[in-house]
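Colleague:
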Amino acid sequence: MGWLSEHWSELISRVRGEQSGSMRADLMDWFSERWNDLESRLRGEPSTSMETHEKLVAISALPSRDDLMQRLNAPPDKISPFFLPEPIAGNGLLIGREAELRQLEEALAQWLEGHPCSLVLVGPQGCGKTSLVNCFLQNIGEEFQILRGRIDRRLESQQAVVDFLSELFGFKDHVEDTPALISRIQELPPGLIILDGGHNLLLRIIGGRQAAETFFYILLATRRRHLWLLTCRRWPWQNLCRHVHADTYFTHKIPLDAPDQAHQREALERRAEQAGIELHFAERGREVESEDDKEKLQEEIAAGFYRDLFAASGGNLRAALYFWLLSSQFEDEGKRVVLHPPGQLDTRFIRDLERDHLLSLAEIAGHGILSPREHQRIFRVDVLTSRLTFTLLYQLRLIEPICDGTADDDTPYSLDSVTQHAVTAMLD
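So the sequence shown is numbered by full-length UniProt numbering: it starts at 1 and just counts up by one.
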């Protein structure tokens, strides 16, 4: 019973050293926790605090997505397209977005009646904006002229917007300025103009509003002839509304929240069903005899698994797919998957980061993506400071580069989808 003696010795030492009222309150909380642990041990149960500690998973220990894919002993057709972090192509895997689809279809009907319309889909990173647009386009068929693109780089000036849209519309000859571009767009047959990447319309520096204001002017001038649909991440959208009143330029603003726990579970199980995979949840030594009891146990473990998965991902389906694969053990040539507890991420270190690093994370979230060179201009620091900041945040698994090759000062970074929920929850 040496451990019991250690408990009481520790208690006596703390009682002698803590005299103030607030400390005595903390002490009572500490004593209650220790007493509960003591009772658990006397009953032969593991300590609650020990259990929690054992479940924590260090972020630095997580494999990269590429490494994870290489480790999985599964046929490629069981993984793609069901469990890769790509937007879905059709309605078969869309869960819980019926109301938003109706809003899109109603806006289309109003535009067809001759009303000027512009739409924006706003939601957190990884909530399924692109997937929703894919399903909307599948539903309306091919009777409309559709032009779809992505704002894949930061637009910082009026001319940058004119050049980008001229390229998007396929204008071969040079378009001189905004009025000339509007005239050219008005000459085109009526159609849908769908753009992803609205976060690239603003850089929070002096003069950084010009691109966004130019874009919205063009949108307003042409939205009776053409139906504009823009997608934008939530935090950058808030910045656009704050700096250029972006919400006033759209007749339909459709918010997309991250899926709740039930919808996330349904989405993952739908993927497993369409991939032809049988799911089994690791029972961790818990044995039952009857088939009814086995089914109840499986459902109990499944509920805990999806609860922990939702806590880790925060509703970000891209992150949920990562943790689902991380917890998977494929058997029987990929026809059966045993799912093990995903564990709990240890994100306590995030709140202890230096203030400059927290501010950098806030700007990356607020811009959707940010490069070291843009970071340098926002914070007015030298390029080495920005490189140092981005290298540290990348190695901490808090941000990820958006590139195929080697990252440089112009490479944009976004929040890492695996840890995005923990970062944004802390920043909120």
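The C-beta atom is built at its ideal place from N, Cα and C for all residues, glycine as well.
#1: Around the Cβ of residue 172, are there at least 16 other Cβ atoms within 10 angstroms (buried) or fewer (exposed)?
#2: Please classify residue 94: is it buried, with 16 or more other beta-carbons within 10 angstroms of its beta-carbon, or exposed?
#3: Nearest-angstrom Cα distance between residue 339 and residue 392?
#4: Considering Cα atoms alone, identify which of 70, 74, 66 is closest to residue 331.
#5: Output the distance between the C-alpha atoms of residue 210 and residue 158, rounded to the nearest integer angstrom.
#6: So the beta strand (DSSP E) residue 382 belongs to, where does it begin and stop?
#7: Name the one or two DSSP bridge partners that residue 111 has.
#8: What are the boundary residues of the beta strand (DSSP E) that residue 146 is part of?
#9: Under a three-way DSSP split, which group does residue 232 fall into?
#10: Can a CB atom of chain D be found closer than 8 Å to the CB of residue 183?
#11: Alpha carbon to alpha carbon, how far is residue 363 from residue 293?
#12: Using the beta-carbon count (16 or more within 10 Å), is residue 414 buried or exposed?
#13: So what does residue 215 bridge to, in DSSP terms?
#14: Going by CA-CA distance only, name the one from 60, 179, 231 that's closest to residue 368.
#15: With distances taken Cα to Cα, identify the nearest neighbour of residue 349 among 341, 358, 191.
#16: Alpha carbon to alpha carbon, how far is residue 135 from residue 89?
#17: Measuring alpha carbon to alpha carbon, tell me which of 260, 312, 263 ends up nearest residue 57.
#18: Where does residue 274 sit, in a helix, a strand or coil, going by DSSP?
#19: Three or more C-beta pairs closer than 8 Å, one from the segment 187-201 and one from the segment 145-155: is that the case here?
#20: Would you kindly report the start and end of the unbroken alpha helix (DSSP H) that includes residue 125?
#21: Kindly indicate the opening and closing residues of the alpha helix (DSSP H) around residue 252.
#22: Do you know how far the Cα of residue 227 is from the Cα of residue 140?
#23: Would you kindly work out how many angstroms separate the C-alpha atoms of residue 301 and residue 291, rounded to a whole number?
#24: How many Å lie between residue 385 and residue 63 at the Cα?
#25: One question on the structure: do residue 318 and residue 417 come within less than 8 Å of each other, judged by their Cβ atoms?
#26: If you draw a straight line from the alpha carbon of residue 48 to that of residue 342, how long is it in whole angstroms?
#27: What are the residues that DSSP puts in a beta bridge with residue 337?
#28: Report buried or exposed for residue 492, applying the criterion of at least 16 other Cβ atoms within 10 angstroms of its Cβ.
#29: In this structure, does DSSP put residue 85 in helix, strand or coil?
#30: Measuring alpha carbon to alpha carbon, tell me which residue in 100, 308, 428 is nearest residue 130.
#31: Do the segment 253-267 and the segment 108-123 touch if we need at least three Cβ pairs shorter than 8 Å?
#32: From the DSSP secondary-structure annotation, give me the bridge partner or partners of residue 413.
#33: Whole angstroms is fine: what's the gap from residue 353's alpha carbon to residue 235's?
#34: If I measure Cβ to Cβ from residue 430 and keep anything under 6 Å in the same chain, skipping five residues before and after, which residues do I get?
#35: Just mark residue 166 as buried or exposed, buried being the case when its beta carbon has 16 or more other beta carbons within 10 Å.
#36: Relative to the C-alpha of residue 421, which candidate in 402, 361, 273 has its C-alpha closest?
Modeller: Based on what the coordinates show:
#1: Against the sequence shown, residue 172 aligns to sequence position 172. Taking all protein chains in view, the Cβ of residue 172 is surrounded by fewer than 16 other Cβ atoms within 10 Å, so the residue is classified as exposed.
#2: As a working mapping, residue 94 is identified with position 94 in the sequence shown. By the Cβ-count criterion, residue 94 is buried, with 16 or more other Cβ atoms from all chains shown falling within 10 Å of its own Cβ.
#3: The residue given as residue 339 occupies position 339 in the sequence shown. The residue given as residue 392 occupies position 392 in the sequence shown. Those two C-alpha atoms are separated by around 33 Å.
#4: Residue mapping note: residue 331 aligns to position 331 of the sequence shown, counting from 1. That would be 74, whose Cα lies nearest to the Cα of residue 331.
#5: Mapped onto the sequence shown, residue 210 falls at position 210. Mapped onto the sequence shown, residue 158 falls at position 158. Between residue 210 and residue 158, the C-alpha separation is close to 6 Å.
#6: Along the sequence shown, read from residue 1 onward, the residue named residue 382 stands at position 382. For residue 382, there is no enclosing beta strand (DSSP E), since its DSSP letter is neither H nor E.
#7: Residue mapping note: residue 111 aligns to position 111 of the sequence shown, counting from 1. Looking at the DSSP assignment, residue 111 forms no beta bridge with any residue, so it has no partner.
#8: Counting from 1 along the sequence shown, the entry for residue 146 is found at position 146. Residues 146-150.
#9: On the sequence shown, position 232 is the one that residue 232 refers to. In the three-state reduction of the DSSP assignment, residue 232 falls in the strand class.
#10: Absent from the structure: chain D. Only one protein chain is present.
#11: For this step, residue 363 is matched to residue 363 along the sequence shown. For this step, residue 293 is matched to residue 293 along the sequence shown. Whole-angstrom Cα-Cα distance: 51 Å.
#12: Numbered from its first residue, the sequence shown carries residue 414 at position 414. Counting Cβ neighbours within 10 Å, residue 414 comes out buried, since at least 16 surround it.
#13: Position 215 of the sequence shown, counting from 1, holds the residue named residue 215. Bridge partners of residue 215: none, in fact.
#14: The residue labelled residue 368 in the question sits at position 368 within the sequence shown. Selected option, being the one with the closest Cα: 231.
#15: If you number the sequence shown from 1, residue 349 lands on position 349. Here the closest residue by C-alpha is 358.
#16: Residue numbering aside, residue 135 sits at position 135 when the sequence shown is read from its first letter. Residue numbering aside, residue 89 sits at position 89 when the sequence shown is read from its first letter. Roughly 7 Å separates the two Cα atoms.
#17: By one-based count along the sequence shown, residue 57 stands at place 57. Ranking the options by Cα distance to residue 57, first place goes to 312.
#18: Residue numbering aside, residue 274 sits at position 274 when the sequence shown is read from its first letter. The answer is helix: DSSP assigns residue 274 an H, G or I state.
#19: With the cut-off at 8 Å, the segment 187-201 and the segment 145-155 touch.
#20: In the sequence shown, counting from the first residue as 1, residue 125 sits at position 125. Looking at the DSSP string, residue 125 is not in any alpha helix (DSSP H), and its letter there is neither H nor E.
#21: In the sequence shown, residue 252 corresponds to position 252, counting from 1. That residue, residue 252, is in no alpha helix (DSSP H); its beta strand (DSSP E) goes 252-255.
#22: Along the sequence shown, one-based indexing puts residue 140 at 140. Along the sequence shown, one-based indexing puts residue 227 at 227. Here the alpha carbons of residue 227 and residue 140 stand approximately 14 Å from one another.
#23: As a first step, residue 301 is located in the sequence shown; it is residue number 301 there, counting from the start. As a first step, residue 291 is located in the sequence shown; it is residue number 291 there, counting from the start. The straight-line gap from Cα to Cα measures roughly 15 Å.
#24: Taking the sequence shown and counting its residues from 1, one reaches residue 385 at position 385. Taking the sequence shown and counting its residues from 1, one reaches residue 63 at position 63. Using only the alpha carbons, I get a separation of about 28 Å.
#25: As a working mapping, residue 318 is identified with position 318 in the sequence shown. As a working mapping, residue 417 is identified with position 417 in the sequence shown. Yes, these two residues count as a Cβ contact at 8 Å.
#26: Position 48 of the sequence shown holds residue 48. Position 342 of the sequence shown holds residue 342. Note that residue 48 has pLDDT 41, beneath the 50 cutoff, so the model's placement of it is unreliable and the number below is only indicative. Per the coordinates, the alpha-carbon of residue 48 lies some 18 Å from the alpha-carbon of residue 342.
#27: For the purposes of this step, residue 337 is identified with residue 337 of the sequence shown, where counting begins at 1. By DSSP's assignment, residue 337 forms a beta bridge with 279, 330.
#28: Coverage of the chain is limited to positions 1 through 428, which leaves residue 492 absent and any answer about it impossible.
#29: Here residue 85 corresponds to residue number 85 of the sequence shown, with the count starting at 1. Residue 85 falls in the coil class under three-state DSSP.
#30: Position 130 of the sequence shown holds residue 130. Selected option, being the one with the closest Cα: 100.
#31: By the Cβ test, the segment 253-267 is in contact with the segment 108-123, since at least three Cβ pairs between them sit closer than 8 Å.
#32: Locating residue 413 in the sequence shown gives position 413, counting from the first residue. DSSP, once it has assigned bridges, lists 370, 401 as partnering residue 413.
#33: The residue labelled residue 353 in the question sits at position 353 within the sequence shown. The residue labelled residue 235 in the question sits at position 235 within the sequence shown. About 21 Å.
#34: No information on residue 430 is available, as it lies outside the stretch 1 to 428 that the chain covers here.
#35: By 1-based counting over the sequence shown, the position of residue 166 is 166. In the assembly as shown, residue 166 is a buried residue. Its beta-carbon has 16 or more other beta-carbons within 10 Å.
#36: Counting from one through the sequence shown, the residue named residue 421 turns up at place 421. Nearest option by C-alpha distance: 361.
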